[in-house]
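Engineer: This is the structure, below, for whatever I ask next.
Protein chains: 2
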Amino acid sequence: MGSGDSPIRSPQDKEVPMSSKIHGLNIIPLRKIPDERGTIMHMLRADAPHFDKFGEVYFATAYPGVIKAWHLHTKQAQNYCCIQGMIKLVCYDDRADSPTKGVLQEIVMGDLNYVLVQIPPLLINGWKCIGTQTALLANCADMPHDPTEMKRIDPFDPAIPYDWALKHG
Amino acid sequence: MGSGDSPIRSPQDKEVPMSSKIHGLNIIPLRKIPDERGTIMHMLRADAPHFDKFGEVYFATAYPGVIKAWHLHTKQAQNYCCIQGMIKLVCYDDRADSPTKGVLQEIVMGDLNYVLVQIPPLLINGWKCIGTQTALLANCADMPHDPTEMKRIDPFDPAIPYDWALKHG
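Put into structure tokens, the structure is as follows:
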């Protein structure tokens, strides 16, 4: 891609999953390759070991402070990458048969932490645009959007033990 | 996706290829769905009639005035979508067996013209960031990046009858 991409390094270098608190949730560090013209930013290759299948790629923006939550997909897996600005992604494991049932995980991602997050079906998730800039999230989902397989839960539903409010400290 | 997306409309509504001056070059208008939280921006679905196969999705930015050209892929087809800012994409048909050999086409795309452009292999192409904002280009290519199938040609090579300079008028 970019001429700054050394041919000695494989594009997959360092792009291996990190450990996560929640079973089946993958966090993969991604490379950005900047030069004086601009930047190349990796997301997902069909030959990556963590690639499953392609369904749809689309983008979502959110203005600072906006919460887009909660989402629960019954079939679709998400591949999220915040390519501009910063978001706080929150995942809550309410899966009856999960070894990490009840665990909640926050992932602060975007310009300052450029990662791919793979969210399996049935994991409750949502995100909030943090900081001062509009956030731009790319999703490369494993099946095309189908409103019948998606459930929306109110972001302030008390059944989910999470408070979206800014925590000063 | 966005709650502003009426369930009566199919996500593919109006997302059908437009005519193009160059044989095999497809331009598909895309939908943006804005609301008070942000925007959903379509790009490519596996069930779209114009989808072929998935190889890699990555992003490229360019600062205002920067030219990224010329690129010639011998095997890979590109799916380009400018999701922020504006670019001028230029395609030059130098394919010996093409019915439109010798034709050059400029496509001004981005915030003000949100489209998907499908560039078949062997079509010479390049782009320039126009306007005042950094441009952000998404590419959903049909095979993973392989430097051996890509040829770079100097953006000012006289063999290609195109002048990248700003044309006042």
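Sequence lines, in order, name chains X and E.
So for the first sequence, the UniProt record's numbering puts the first residue at 1; every next one is plus one.
So for the second sequence, the UniProt record's numbering puts the first residue at 1; every next one is plus one.
Glycine residues also receive a C-beta, built at the ideal position from the N, C-alpha and C atoms.
The structure displayed is predicted, hence computed values, not measured ones.
#1: When you compare the CB positions of E/T100 and E/D93, do they come within less than 8 Å of one another, or not?
#2: Within 10 Å of its beta-carbon, does E/D163 have 16 or more other beta-carbons around it, so buried, or fewer, so exposed?
#3: Mind checking the segment 25 to 54 of chain E against chain X and listing, in chain order, the residues whose C-beta falls within less than 7 Å of any C-beta there?
#4: Would E/S6 pass as an interface residue toward chain X - the criterion being a Cβ-Cβ separation below 8 Å?
#5: Please give me, in chain order, every unbroken run of the alpha helix (DSSP H) with length at least 4 that falls completely inside the segment 4 to 72 of chain E.
#6: Whole angstroms are fine: how far does the CA of X/G85 sit from the CA of X/L136?
#7: Can you list, in chain order, the residues of its chain whose CB lies under 8 Å from that of X/A62, leaving out five sequence neighbours each side?
#8: Counting contacts by CB-CB distance shorter than 8 Å, is E/K151 in contact with chain X?
#9: Using a threshold of 8 Å, state whether the C-beta atoms of X/P161 and X/L104 are closer than that.
#10: By DSSP, does E/D163 sit in helix, in strand, or in coil?
#11: Are any of the Cβ atoms in chain E nearer than 8 Å to that of X/G85?
#12: I want to see whether chain E comes within less than 8 Å of X/Y63, judged by CB atoms only; does it?
#13: Who are the Cβ neighbours of X/L30 in its own chain at under 8 Å, not counting the five residues just before and after it?
#14: Could you give the first and the last residue of the continuous beta strand (DSSP E) run that contains X/G110?
#15: For E/M86, which beta-bridge partners are listed by DSSP?
Structural biologist: The structure says:
#1: yes
#2: exposed
#3: R37, G38, T39, I40, M41, H42, M43, L44, R45, A46, D47 and F54
#4: Residue placement at E/S6 is poorly supported in this model, since its pLDDT is 40, which falls under 50; the coordinates are not used for a value here.
#5: none
#6: One C-alpha to the other measures close to 7 Å.
#7: K68, I87, W127, K128, C129, T134, A135 and L137
#8: no
#9: yes
#10: coil
#11: no
#12: Chain E, which has a Cβ nearer than 8 Å to the Cβ of X/Y63, makes this yes.
#13: E15, M41, H42, M43, C81, Y114, V115 and L116
#14: L104 to G110
#15: E/G110 and E/I130
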